[in-house]
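K.L.:
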Amino acid sequence: MSKVAIIMGSQSDLETVQAGIDVLKEFKVGFDVKVLSAHRTPRELAAYVAAAQKKGVKVFIAAAGGSAALAGVIASHTVLPVIGIPVETRSLGGMDSLLSTVQMPAGIPVACMAIGSAGAKNAGLFAVEMLAAFDARLAGKLAKYRGKMRAKITGIKLKV
Ligand code: RP5
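The working numbering numbers the first residue of the sequence shown as -5 and each following residue consecutively.
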């Protein structure tokens, strides 16, 4: 069953989003992926958000670039948590996506990650963390994941 719904504004965002998809696969968290845009397909977006909720989705991840309204618009249609990934852009390096995702007016929150693939990876991890709050098996996997990261750092032997 899909616990996470990933929505991206364009197929061109997939390269960025892939890092988040890989995390969900690694943690064996069920997810749906869909291309839907806040401005190109507003009606279809609203319908998809409603349907995803009915199917049991618990967290939304939204990736968009430019004047990136996607995460905020999804959040306007649901009280489930929405994690935004600002996609890097050629014109402004993703600053446009970052500001339009992070600067939600009070009342409709969006959890905004970093620009680009790092943000996508963290979006996947953040979704896992949310689900792990109610799932001891997932919480255990996260602890192991952190342990591996710790071991990588502590295992570094510098030749100086
Ligand atoms: C946004 O515009 C999309 O999320 C994408 O990041 C950006 C460019 O879209 P394309 O022109 O590549 O379809 O809506």
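Beta carbons are placed, not taken as given, at the ideal position from N, Cα and C, and that holds for glycine.
Could you have a look at Ala105 and say whether DSSP puts it in helix, strand or coil?
P.N.:
It is a strand residue.
K.L.:
If you follow the alpha helix (DSSP H) that Lys(-3) is in, where does it begin and where does it stop?
P.N.:
Per DSSP, Lys(-3) belongs to no alpha helix (DSSP H) and is neither H nor E.
K.L.:
Any heavy atom of ligand 1 within a distance shorter than 7 Å of the CB on Val96?
P.N.:
No, since every heavy atom of ligand 1 falls outside the 7 Å radius drawn around the Cβ of Val96.
K.L.:
Determine the extent of the alpha helix (DSSP H) in which Asp16 is found, giving its start and end residues.
P.N.:
Residues Leu8 to Glu20.
K.L.:
Any heavy atom of ligand 1 within a distance shorter than 7 Å of the CB on Asp7?
P.N.:
Flag set: Cβ of Asp7 near ligand 1.
K.L.:
Suppose you measure from the CA of His71 to the CA of Lys142; what does that come to, to the nearest Å?
P.N.:
His71 and Lys142: Cα-Cα distance of roughly 38 Å.
K.L.:
Tell me the DSSP secondary structure of Ile77 in three-state form.
P.N.:
Ile77 falls in the strand class under three-state DSSP.
K.L.:
Going by the DSSP bridge assignment, what does Phe128 pair with across the sheet?
P.N.:
Bridge partners of Phe128: none, in fact.
K.L.:
When DSSP labels each residue in this structure, what does Gly113 get in the three-state scheme?
P.N.:
Note: Gly113 maps to helix in three-state DSSP.
K.L.:
Quick test of the definition: if touching needs 3 or more C-beta pairs under 8 Å, does the region -4 to 14 touch the region 61 to 78?
P.N.:
At 8 Å Cβ cutoff, the stretches touch.
K.L.:
Can you tell me whether Pro80 is buried or exposed, with buried defined as 16 or more other CB within 10 angstroms of its CB?
P.N.:
Buried is the call here.
K.L.:
Tell me whether Ala(-1) counts as near ligand 1, meaning its Cβ is closer than 7 Å to at least one heavy atom of that ligand.
P.N.:
For ligand 1, not one heavy atom lies less than 7 Å from the Cβ of Ala(-1).
K.L.:
Considering only residues of the region 32 to 84, which uninterrupted beta strand (DSSP E) runs meet the minimum length of 3 residues and lie entirely inside it, listed in chain order?
P.N.:
The qualifying runs are 53 to 59 and 76 to 81.
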